[in-house]
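Okay, structure first, notes after.
Numbering (the working numbering), first residue to last: 359 to 638.
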């Protein structure tokens, strides 16, 4: 079934602009070692991302969903953890209908896909230290890549010898494994190493969408690496037992993990979108 293009109005795009990465036509240099990082996710009123682990839970309304697809057109890469890949079989593409303004914000590099509605497509980045994601050639992200409606993922792993058949599936779709070393906690990566690896692939910006472990570890350990935060708040309580955004306090029991500054609130349908930057 063909995917339906989404539309995001120009007036809402302009309100988001201060919180987005520089366009590829911007003369100001980007970091030579790290990409521009946008942390973005949808949450309930009780700070939940899902009803429970592995339960796919729709929170965003149609307007904020279109916003998410617009954000994907404005980033070179989109990142999720293995839990999201396993639970959701995500496409990790953009279904935004192209406008002249959208097309002008992105430089089309060699090998880049423009899919549904002609939108720029971000490179999916999957954080999968122990290769738990049992993808196949029929996984949604692979099918979209073959159709030209998205890009195949780069999978970040600790496994030095990924299975040959998985490597073949990935590479035939245009993706690859990237092997990194473990951080101090054994089975977890160091966030600076992750972002450095992304930048080394020529990707100048990345939006990190989830899931809970990814978001909490980034905020808890390396909030200073985040350049922008864009959170959709849905008018719903999911209740106890959900997957929540509640990072561990690493700075001490009497100090908050992080605070946003320069905030903007954007109503989108029944949802509200909070934009800001991590206060230094």
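Cβ atoms here follow ideal geometry from the backbone N, Cα and C, with glycine treated the same way.
{"Item": "Can at least three beta-carbon pairs, one atom from the segment 475-492 and one from the segment 506-515, be found at a separation below 8 Å?", "Value": "yes"}
{"Item": "With the cut-off set at 7 Å, would you say residue 454 and residue 431 are in Cβ contact?", "Value": "yes"}
{"Item": "Alpha helix (DSSP H) containing residue 552: first to last residue?", "Value": "549-558"}
{"Item": "Using 10 angstroms around the beta-carbon of residue 442, count the other beta-carbons present and answer buried if the total reaches 16, otherwise exposed.", "Value": "buried"}
{"Item": "Please go through the segment 507-548 and give each complete alpha helix (DSSP H) segment of 4 or more residues, from N-terminal end onward.", "Value": "522-531"}
{"Item": "Comparing alpha-carbon positions, which option in 614, 600 and 372 lies nearest residue 606?", "Value": "614"}
{"Item": "Three or more C-beta pairs under 8 Å: does that hold for the segment 522-535 against the segment 499-511?", "Value": "yes"}
{"Item": "With a threshold of 16 other CB atoms inside 10 Å of the CB of residue 645, please say whether the residue is buried or exposed.", "Value": "Outside the modelled stretch of the chain, which goes from 359 to 638, sits residue 645, for which no answer is possible."}
{"Item": "In the DSSP assignment, find the beta strand (DSSP E) that holds residue 629 and state where it starts and stops.", "Value": "629-636"}
{"Item": "Provide the residue(s) that pair with residue 623 in DSSP beta bridges, ordered along the chain.", "Value": "632"}
{"Item": "Between the C-alpha atoms of residue 428 and residue 553, what's the straight-line distance to the nearest angstrom?", "Value": "22 Å"}
{"Item": "Using only the alpha-carbon positions, how far apart do residue 620 and residue 377 sit?", "Value": "10 Å"}
{"Item": "Roughly how many angstroms separate the alpha carbons of residue 446 and residue 481, rounded to a whole number?", "Value": "17 Å"}
{"Item": "Just grab the DSSP bridge partners of residue 603 for me.", "Value": "Answer by DSSP bridge pairing: none, since residue 603 is not bridged."}
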